[in-house]
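*Asks:* Residue numbers (the working numbering), protein chains in the order written: chain A, 253 to 368; chain B, 1031 to 1143.
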Amino acid sequence: NAGVMQNPRHLVRRRGQEARLRCSPMKGHSHVYWYRQLPEEGLKFMVYLQKENIIDESGMPKERFSAEFPKEGPSILRIQQVVRGDSAAYFCASSPRIAALGETQYFGPGTRLLVL
Amino acid sequence: QQQVKQSPQSLIVQKGGISIINCAYENTAFDYFPWYQQFPGKGPALLIAIRPDVSEKKEGRFTISFNKSAKQFSLHIMDSQPGDSATYFCAANLTGGGNKLTFGTGTQLKVEL
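#1: Determine whether the Cβ of A:F359 lies closer than 8 Å to any Cβ atom of chain B.
#2: For A:A352, does the count of other Cβ atoms within 10 angstroms reach 16, so buried, or fall short, so exposed?
#3: I need the boundaries of the beta strand (DSSP E) containing A:R274, first residue and last residue.
#4: If you measure from the beta carbon of A:L295 to each beta carbon in chain B, is any gap under 8 Å?
#5: Inspect the beta-carbon positions of A:C344 and A:G325 and report whether they are closer than 8 Å.
#6: Using three-state DSSP, classify B:P1064 as helix, strand or coil.
#7: Tell me whether B:A1075 is buried or exposed, calling it buried when 16 or more other Cβ atoms sit within 10 Å of its Cβ.
#8: Give me whichever residues DSSP pairs with A:E293 in a beta bridge.
#9: Starting from B:T1135, find everything on chain A with Cβ-Cβ shorter than 7 Å and list it in chain order.
#10: Please identify the residue among B:I1042, B:S1040, B:R1091 and B:Q1102 whose C-alpha is closest to the C-alpha of B:F1060.
#11: At the level of alpha carbons, what is the spacing between B:K1045 and B:A1079?
#12: Can you list the residues of chain B that A:S347 reaches, using a CB-CB cut of under 8 Å?
#13: On the premise that A:G280 lies in contact with A:P348, defined as a C-beta separation below 8 Å, what is that separation, rounded to the nearest angstrom?
#14: Measuring only the C-alpha atoms, how far is B:V1084 from B:P1064?
#15: Tell me which same chain residues have a C-beta within less than 6 Å of the C-beta of A:E320, skipping the five on either side of it?
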């Protein structure tokens, strides 16, 4: 059973460009979470999605960031007009069942974004 | 607001020794406490987790001790090995609160020969 897949693993963008990060959850998982990890810091929750729905986006910056999890295909985290402060590792996690059961989240290998 | 405080920031232990990492939380509504292990360039991997209805959970060389009244929990790694050298994160989850994990700041463990 393949784990959570993320691509690209490394992404370099210049200031003002767009970054698109993709996440394919584990087979059978319908819940996706995005976290951001700044250097030397812990992971910070960004957004929680189910298929075609954003459940909790309380950790998302109000501007330039958006996320989706379409009916078909991977979840996408999109960062418009990137700035140097967006440089970080972005991790996706997935879980199999509804949040109320406190299911374990399984993490992907991350996308390391570097903004020049 | 730092809801989960983790210490120490870094830890050096001799091979065969016991590694102890501590976490304290503020929100008494948290009800699931996992520990994650992260190697450089990799994503966090679940190591062990506990719910507040038990005071201790052991899996192999890894033990979580949980003190609900003090709002503290700790990870003990017995017989530490060089392969255990990694960054360890404690986390807390609020079931029914969107299942979003609140992470500690991490502990870099180095096990020396």
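Where is the CB? At the ideal position from N, CA and C, for every residue including glycine.
Because the structure is a prediction, the values reported are computed rather than measured.
*Replies:* This is what the structure gives:
#1: As a working mapping, residue 359 of chain A is identified with position 107 in the first sequence. Any Cβ of chain B closer than 8 Å to the Cβ of A:F359 would place that residue at the interface, and such an atom is present.
#2: On the first sequence, residue 352 of chain A is found 100 positions in, with the first residue counted as 1. In this predicted model, A:A352 has a pLDDT of only 47, less than 50, meaning its place in the structure is not dependable enough to derive any value.
#3: As a position in the first sequence, residue 274 of chain A is number 22, starting the count at 1. Unbroken beta strand (DSSP E) run through A:R274: A271 to S276.
#4: For the purposes of this step, residue 295 of chain A is taken as residue 43 along the first sequence, with counting starting at 1. With its beta carbon less than 8 Å from one in chain B, A:L295 belongs to the interface.
#5: Start at 1 with the first residue of the first sequence, and residue 344 of chain A comes out as number 92. Start at 1 with the first residue of the first sequence, and residue 325 of chain A comes out as number 73. No.
#6: Along the second sequence, one-based indexing puts residue 1064 of chain B at 34. Annotated three-state conformation of B:P1064 is strand, per DSSP.
#7: Taking the first residue of the second sequence as position 1, residue 1075 of chain B is located at position 45. Counting Cβ neighbours within 10 Å, B:A1075 comes out exposed, since fewer than 16 surround it.
#8: As a working note, residue 293 of chain A is residue 41 in the first sequence. Answer by DSSP bridge pairing: none, since A:E293 is not bridged.
#9: Position 105 of the second sequence, counted from the start, is the residue given in the question as residue 1135 of chain B. E293 and G294, listed in chain order.
#10: Numbered from its first residue, the second sequence carries residue 1060 of chain B at position 30. Of the candidates B:I1042, B:S1040, B:R1091 and B:Q1102, the one whose C-alpha sits nearest the C-alpha of B:F1060 is B:Q1102.
#11: Here residue 1045 of chain B corresponds to residue number 15 of the second sequence, with the count starting at 1. Here residue 1079 of chain B corresponds to residue number 49 of the second sequence, with the count starting at 1. Answer to the nearest angstrom: the Cα atoms are 24 Å apart.
#12: Working through the first sequence from its first residue, we reach residue 347 of chain A at position 95. Those within 8 Å of A:S347 in chain B are N1129.
#13: If you number the first sequence from 1, residue 348 of chain A lands on position 96. If you number the first sequence from 1, residue 280 of chain A lands on position 28. About 6 Å separates the two Cβ atoms, so the contact holds.
#14: The residue you call residue 1084 of chain B lines up with position 54 of the second sequence. The residue you call residue 1064 of chain B lines up with position 34 of the second sequence. Distance between the alpha carbons of B:V1084 and B:P1064: 13 Å.
#15: Counting from 1 along the first sequence, the entry for residue 320 of chain A is found at position 68. Excluding sequence neighbours, A:E320 sits near I328.
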